[in-house]
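For what it's worth, numbering that gives the first Met the number 0 labels the leading residue of the sequence shown as 0, then goes sequentially.
Input: a single structure, listed below in structure tokens.
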Amino acid sequence: MPKKALVVDSDYFFVEFLSELLTKRGYQVLKAYNGKEGIAKLKDESIRILFADLVLPKVDGRQLFEFIRKKYNGNRFPVVALSGIMVEQLGSLHEIGADYFIAKGPIDKLTLTLNEFMAEMETRPFFPPAEKEVLATGNVFPRRDAVELFNSLMFHQAIIDCTAVGIVTVDDDTRIMNANRAALQIIGKSAVDVLNTPVADLFADGKRDEIADALIRVKHQKELGKASICVAFQSQAINAIVASINYKGNHAGWVLVLEPAQQGTG
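Quick look at the structure:
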């Protein structure tokens, strides 16, 4: 049985580059172009190594790495963060959740770095290194604009995480992309339990049709704005408010707000 590697990156050409390199080393490569697809591919239990960018659509790299750590609880494969903004993260590598960190660079130098890295990985047992460091492809330096952009993204995520109401972000295929801490507390589940699962699965059988109907209505009736239904989680009455996410004039998914019924707006 061939060794399997999973590559998760939104850049099609980089996925092809890395896939070709790994194929030449005898790997069967699984490809994903966003974090949600990466989680779906993790159902293949025979993955030997994973490479993922930090900045990913739908489910970002940090969420993906955290998902892997919690799902496999230490009994897992090497996880490699491979990103164009890796050098900018030197002060927070311990927060990212990967085992190894490689900075993207010129393809010729990156090819050499990756082959040397893989040769070492293939000749010794996997033990997560104690020291967190970035393998760089030559002289690379932090870029202020990249630092500011990434910090802005993390700041907005922090706002969502500390919001008192539950916020669940749902993709256009009705599968969950994100749930903040308040939502997970209301639902009584962990992120591992809900990421990339159908949003209807959060609800009791008697409410799933109502949720499905609300999703359809707010998607196709833009003037409606939102739809609200009363549900129960852990014996607590909750208002579930559904709204469509419109991005550049197109439907891109839904946001589901969960709040105690006595505080709801209905």
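Each residue gets a CB set at the ideal place from its N, CA and C atoms; glycine is no exception.
DSSP three-state call for residue i: helix, strand or coil?
i, result
"Phe126", "coil"
"Thr22", "helix"
"Val164", "coil"
"Ala203", "coil"
"Glu15", "helix"
"Leu134", "strand"
"Leu257", "strand"
Per DSSP, residue i is paired with what?
i, result
"Cys229", "Asn238"
"Lys3", "Gln27 and Ile46"
"Ile244", "Gly252"
"Ile175", "Val169"
For residue i, count neighbouring C-beta atoms within 10 Å of its own C-beta (all shown protein chains included) and say buried if the count is 16 or more, exposed if not.
i, result
"Phe50", "buried"
"Pro77", "buried"
"Tyr99", "buried"
"Asn245", "exposed"
"Met176", "buried"
"Ile186", "buried"
"Asn195", "buried"
"Phe12", "exposed"
"Lys57", "buried"
"Ser18", "buried"
"Gln220", "exposed"
"Gly224", "exposed"
"Ser151", "exposed"
"Ala231", "exposed"
"Asn114", "exposed"
"Asn72", "exposed"
"Gly25", "exposed"
"Thr264", "Below a pLDDT of 50, predicted positions are generally treated as unreliable, and Thr264, at 46, falls in that range; no measurement from the model is reported."
Taking only heavy atoms of the ligand ZN into account, decide whether any of them is closer than 6 Å to the Cβ of residue i.
i, result
"Asp52", "Ligands in the displayed structure: none, and consequently the ligand ZN is not present."
Would you list, in sequence order, the uninterrupted beta strand (DSSP E) runs of no fewer than 3 residues that lie entirely inside the segment 30-104? The segment 30-104 contains these whole beta strand (DSSP E) runs: 46-51, 78-82 and 99-102.
Check your understanding: Just checking, does the segment 123-134 make contact with the segment 21-36 on the three C-beta pairs under 8 Å criterion?
Key -> The segment 123-134 vs the segment 21-36: no contact.
Q.
If contact is defined by three or more beta carbon pairs under 8 Å, each pair taking one atom from either stretch, is the segment 0-7 in contact with the segment 147-162?
A. As far as the Cβ criterion goes, the segment 147-162 does not touch the segment 0-7, which means the pair count is below three.
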